[in-house]
Amino acid sequence: LDQESRLALLKMRARLAASSGASAEQVALLQQIVQENPLDGDALLALAVHFQTEGDVEQAEFRYEQAARNPDFAAKAKRLHGQLLANEKRFADAERLLQASLQLKQADDVQQHVEEDRHADDLTRRHVLADKAQVFLETRPRDSTAAARLSSACVGFVR
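In my numbering, the protein residues as written are 1321 to 1479.
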């Protein structure tokens, strides 16, 4: 198996171990994943939650900090880390992390809206082009070759 498939299989085995209550096996599998891919946010967060549940705050913090280095998991890692610190009555540090998480989440939301708007603009342009092509085909004297070329050029714009 290639590394990506191996890691996916290890993650699946770790989830199965967690669901069957085999936490020692789950931790061993997650640690193996992190050893092979130190920025695997899913594995790092699962380890952090495990250590937090077990009361090992230092290890949980370490894993949250590692997960926060992965941009795809930074907001969630900072939020969970902040919640851990709040539970530990370390309110100033918790507030700092929760604020950072909120800023990252808002930036992600803005980026998502920009991408959705860009996609909507693309679809609008495609529909306008298809509508113009249809009007052109309906109003132009019948030239089957030109109509066929225009029609095939518009295929794929409207789906």
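Using N, Cα and C, we set each Cβ at its ideal position, and we do this for glycine too.
Taking only runs that begin and end inside the segment 1329-1367, name each unbroken alpha helix (DSSP H) of 4 or more residues, in chain order. 1343-1356
Measuring alpha carbon to alpha carbon, tell me which residue in 1339, 1336, 1326 and 1429 is nearest residue 1392. Locating residue 1392 in the sequence shown gives position 72, counting from the first residue. When each option's Cα is compared against that of residue 1392, the closest is 1429.
Residues near residue 1346 by beta carbon distance below 6 angstroms, same chain, minus five either side: Residue numbering aside, residue 1346 sits at position 26 when the sequence shown is read from its first letter. Cβ within range, chain order: 1334, 1337 and 1338.
Please state the DSSP three-state secondary structure of residue 1390. In the sequence shown, the residue the question calls residue 1390 occupies position 70. Correct three-state label for residue 1390: coil.
Reference residue 1328; option with closest CA among 1343, 1341 and 1360: Taking the sequence shown and counting its residues from 1, one reaches residue 1328 at position 8. Taking only the C-alpha atoms, the option nearest residue 1328 is 1360.
Keeping to the same chain, check which residues put their C-beta closer than 7 angstroms to that of residue 1371; ignore five residues upstream and five downstream. To locate residue 1371, count along the sequence shown from 1; it is residue 51. Cβ neighbours of residue 1371 beyond the five flanking positions: 1379, 1380 and 1383.
Residue 1358 versus residue 1344: straight-line alpha-carbon distance, rounded: Translated into positions along the sequence shown, residue 1358 becomes position 38. Translated into positions along the sequence shown, residue 1344 becomes position 24. Cα-Cα distance, rounded: 20 angstroms.
Can you tell me whether residue 1478 is buried or exposed? The criterion is at least 16 other CB atoms within 10 Å of its CB, across all chains shown. Counting from one through the sequence shown, the residue named residue 1478 turns up at place 158. With a pLDDT of 46 at residue 1478, under the threshold of 50, the predicted position of this residue should be treated as unreliable, though the coordinate-derived value follows. Exposed.
Could you tell me which of 1363, 1404, 1420 and 1352 sits nearest to residue 1376, measuring between CA atoms? For this step, residue 1376 is matched to residue 56 along the sequence shown. It is 1404 whose Cα lies nearest to the Cα of residue 1376.
Taking the straight line between their C-alpha atoms, what separation do you get for residue 1323 and residue 1410? Counting from one through the sequence shown, the residue named residue 1323 turns up at place 3. Counting from one through the sequence shown, the residue named residue 1410 turns up at place 90. About 39 angstroms.
Closer than 8 angstroms, CB to CB, is residue 1398 near chain B or not? No chain B is present in this structure, which holds just one protein chain.
Within 10 Å of its beta-carbon, does residue 1402 have 16 or more other beta-carbons around it, so buried, or fewer, so exposed? Counting from one through the sequence shown, the residue named residue 1402 turns up at place 82. So residue 1402 ends up on the buried side.
Suppose you measure from the CA of residue 1330 to the CA of residue 1447; what does that come to, to the nearest Å? Locating residue 1330 in the sequence shown gives position 10, counting from the first residue. Locating residue 1447 in the sequence shown gives position 127, counting from the first residue. Their backbone Cα atoms lie some 45 angstroms apart in a straight line.
Quick one: Cα of residue 1368 to Cα of residue 1341, how far? Taking the sequence shown and counting its residues from 1, the one referred to as residue 1368 is at position 48. Taking the sequence shown and counting its residues from 1, the one referred to as residue 1341 is at position 21. Computed Cα separation, rounded: 17 angstroms.
Nearest-angstrom Cα separation, counted from residue 1450 out to residue 1366: The sequence position of residue 1366 within the sequence shown is 46, counting from 1. The sequence position of residue 1450 within the sequence shown is 130, counting from 1. Cα-Cα distance, rounded: 49 angstroms.
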